[in-house]
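First the structure, in the form of structure tokens, and then the observations on it.
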Amino acid sequence: MIDKQSTFGRISKVIFLSLCLIVTVFPLYWIVVTSLKAPGSIYSLPLDYWPREISFENYVGLFTKSDFGRYMINSLLVATVAATVATFISLLSAYVLARFHFAGRGAVMVAFLLTQMIPGFIALGPLYIMMTNMNLVDSETGLILVYIAICIPFCTIMLRGFFENVPDALEEAAMIDGCSRLTALFRVLVPVMLPGIAASFIFNFVNCWNELFLSVTLMNSDENKTIPTALAGFISSFNIDWGSMSAAAVLTVVPALAIFAFASKFIVQGLTAGAVKG
Amino acid sequence: MAINSERMVVRGPNTVTAPPQPQAIHRRKKRFNTRTALTLLAFMAPAAIFVGIFTYYPMIAGSQMAFRNWNLNDLSDTSWVGWGNFIKLFESPEFGGIVRNTVVWVVGSLVPQVVIGFALALFLKRRFRFRSGYQAFIFFPWAVSGFLIGMLFRWMFNAEFGVVNDLLMKAGFIESPIPWLAEPGFAMTAVIIANIWYGVTFFAIMILAALQSVSEDMYEAAALDGAGKARTLFSITLPAISVTLGLTILLRVIWIFNFPDIIWAMTGGGPADQTHIITTYMIKITQEGDYGQASALGLIVVFTLMLFAVFYLMAMRPRKANR
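So the protein lines, in turn, are chains R and V.
Position one of the first sequence corresponds to residue 1 (the numbering used here), numbered consecutively onward.
Position one of the second sequence corresponds to residue 279 (the numbering used here), numbered consecutively onward.
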């Protein structure tokens, strides 16, 4: 891959990448345009591909007619705490699963994979009853605990893959030099794996930020609602208020997008580039 | 360290994907004393506790409902009914169509996702101007919830004011608006398009991360040995990322199978059950209150996916060992 790209390769690359970009971004563009139209002009033909006059009425309505700011804070809190704790816990379990061949290792992997196969609806009823008994219904702590649990299996499996791409010799050398296992893990492996860890964290965060069904089930009162629950509430049985919906969609996507843009740098970095040469 | 890095260069892909060398296992066994075992136990404990309490307990408690008459509308009789709920499902006229829809949904979504995602990751691997900016945009679908994507596409596929019809008519592909979400044949296409749009990013992100963990040394060694582009792709890139790629595909199949959000938001399973997959159908039954049947349906999903995962992992393993 040291050689230069051919002209053909370059042209096909530009065409492919531009096409992907247009297709990917268009729905975002369209929802932004819709949200900036005055409520009445959303339903008028022919369609305008840019609002005739920009109106923030949909956004204003969101914060005055509903408590959208509150929902955003709730979502941010729940997703941040849950994703941080889940990533940390998964890091430990992934390390064990990647590095040690103990009896029952296969069983643990299967147990984790199994959680991904089971439709959550089986568990919803008993979970609700259990949370009621623990006094954790309609509480942010309760939702965070459940979110941590649903993040761990996938996060562990993914981090394990990243661990396996890092040579054993790295932490063994550190341990011969007198590091404890924990120090070796956090001083030597974590820095090398930072892109993988960042990817896992963001993944957890976005999952929690977007989770709908559990939050609908567990959070009853209006002041505890997260964004997805509120969005689901915008659909009445026969009618969808597309103005509010698109404004809310824009506000939901932007923070998730921001955290991603910030951290995509980590994901792009080589995972083991430094380690192999060291 | 020095010895190891030499091994990385010489052996290349082997060190990344091959099972541990005998010597390494031996070394590890010797160090596996009581103290290490306790440390490992402490490392595993938090994950096990969380998943046990908040996932496994409710799941097992829910599973037993599959064998009981458990209907929220009438809880006076919750007796055990054996396989009754399963038989009722298999005999219901909708079941065959729902299974077929599920297969169409999984295969139709997965294949384009893998292909486009892989191409995207390959193109993104090499540095170019605006690459990081490009990535921030291209990875955008990943940040959106399934429910919201469903709503976005429901609006774009709207028969009357939808932008898809408008664009297709402007381009001259169609004469009159298509009622996408109301017409059986089109509704499935529409929900799959939404799902592809969503899933490509995930593959691109995972494959890109794996690609970047492949040592540049290997590519340099391959180039020195005169390997062409195709050869490099098949002999170095693919083997080196096969573990990540294989696991990503497995997880993705499971997720697409278990992913009712987009369909639920776009069509709710309609028109005439034409876009109902097993999991959306399960939501429908749950909302009707028949937890027994919903739970039975859930167990069918688990069983199917487990079978799939076992065969898939078995198919993956020998490929790794041979190399």
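Don't be surprised by glycine CBs; every beta carbon is placed ideally from N, CA and C.
A quick note: this is a predicted structure, and the numbers were derived from the prediction, not measured.
Can the beta-carbon of residue i be found closer than 8 angstroms to that of residue j?
i	j	result
A86/R	N220/R	no
R404/V	M544/V	no
I54/R	G243/R	no
G570/V	N351/V	no
T510/V	A488/V	no
V492/V	I519/V	yes
Q552/V	M466/V	yes
F417/V	I483/V	yes
A421/V	V253/R	yes
A399/V	L486/V	yes
Y590/V	M130/R	no
S423/V	L212/R	yes
S354/V	I122/R	no
N251/R	F68/R	The sequence given here has Leu at residue 251/R, not Asn. Yes, these two residues count as a Cβ contact at 8 angstroms.
A468/V	W458/V	yes
Using the Cα positions of residue i and residue j, report the straight-line distance between them to the nearest angstrom.
i	j	result
I15/R	A414/V	18 angstroms
W542/V	N207/R	18 angstroms
S6/R	I534/V	38 angstroms
Y128/R	L218/R	7 angstroms
D444/V	A344/V	47 angstroms
D48/R	F373/V	43 angstroms
N436/V	A94/R	45 angstroms
Y497/V	A508/V	12 angstroms
P191/R	I89/R	17 angstroms
S605/V	V382/V	Since the first residue shown for chain V is 279 and the last is 601, residue 605/V is missing from the structure and cannot be characterised.
L136/R	L77/R	16 angstroms
D539/V	T229/R	13 angstroms
K277/R	M175/R	Caution is warranted here: a pLDDT of 26 is assigned to K277/R, below 50, making its placement in the model unreliable, and the coordinate value is therefore given only provisionally. Cα to Cα, K277/R sits roughly 19 angstroms from M175/R.
A302/V	P195/R	Residue confidence for A302/V is low, a pLDDT of 47 falling below 50, so the modelled location carries little weight and cannot support an answer.
L91/R	R99/R	12 angstroms
L185/R	E438/V	58 angstroms
N349/V	A572/V	10 angstroms
P406/V	Y412/V	Going by the sequence as given, residue 406/V is Phe instead of Pro. Rounded to whole angstroms, F406/V to Y412/V spans 10 angstroms at the Cα level.
P419/V	S35/R	18 angstroms
Could you spell out the range, first to last residue, of the alpha helix (DSSP H) harbouring residue i?
i	result
V33/R	7-36
P228/R	227-233
Q552/V	That residue, Q552/V, is in no alpha helix (DSSP H); it is neither H nor E in DSSP.
Y128/R	121-133
W533/V	516-535
M560/V	556-566
I152/R	140-164
N224/R	Looking at the DSSP string, N224/R is not in any alpha helix (DSSP H), and its letter there is neither H nor E.
L77/R	68-99
A543/V	539-544
P191/R	190-210
R378/V	373-403
Y335/V	335-341
L136/R	First-last for L136/R: undefined, no H or E at that position.
Mind reading off the beta-carbon distance from residue i to residue j? Whole number of angstroms is fine, and I expect it under 8 angstroms.
i	j	result
S246/R	I31/R	5 angstroms
I556/V	I376/V	6 angstroms
A149/R	F321/V	Going by Cβ atoms, the distance from A149/R to F321/V rounds to 17 angstroms, so no, they are not a contact pair.
I227/R	Y71/R	5 angstroms
N224/R	N74/R	6 angstroms
L284/R	M109/R	Residue 284/R lies beyond the stretch modelled for chain R, which goes from 1 to 278, so this question has no answer here.
E57/R	A83/R	Contact flag wrong, Cβ pair sits at about 34 angstroms.
I202/R	F260/R	6 angstroms
P153/R	V329/V	6 angstroms
V531/V	F586/V	7 angstroms
Residues of chain R with a CB under 7 angstroms from the CB of residue i: which are they?
i	result
T522/V	G161
L525/V	I157, G161
Y569/V	G125
Y476/V	Those do not exist, as Y476/V stays about 10 angstroms from chain R at its closest Cβ, beyond 7 angstroms.
Under 8 angstroms Cβ-Cβ, which residues of chain V neighbour residue i?
i	result
I89/R	P324, A325, F328
I want to verify the contact list: residues of chain V whose CB lies under 7 angstroms from the CB of residue i, in sequence order.
i	result
E57/R	By Cβ distance, chain V contributes nothing, its closest Cβ being about 18 angstroms from E57/R, past 7 angstroms.
V253/R	A421, V422
S93/R	F321, M322, A325
K13/R	F401
C20/R	L398, I416
I122/R	M337, G340, S341, S573, G576
Taking C-beta pairs closer than 8 angstroms, name the residues in chain R that residue i reaches, listed in chain order.
i	result
N363/V	Correct list: empty, because the minimum Cβ distance to chain R is about 12 angstroms.
I452/V	Residues of chain R passing the Cβ test: none, with the nearest at roughly 15 angstroms.
P561/V	Before going on, a small fix: residue 561/V reads as Ile here, not Pro. By Cβ distance, chain R contributes F121.
Is there a C-beta anywhere in chain A that falls below 8 angstroms from the one on residue i?
i	result
I532/V	Looking for chain A here will not work: the only protein chains present are R and V.
Interface residues of chain R around residue i at Cβ under 9 angstroms?
i	result
V381/V	Near V381/V there are no residues of chain R at all, since even the closest Cβ is about 16 angstroms away, more than 9 angstroms.
L459/V	Near L459/V there are no residues of chain R at all, since even the closest Cβ is about 12 angstroms away, more than 9 angstroms.
Quick one: list the residues of chain V neighbouring residue i, beta-carbon separation under 9 angstroms, in chain order.
i	result
T231/R	Reading off the sequence, residue 231/R comes out as Leu, not Thr. In chain order: S423, F425, L426, M429.
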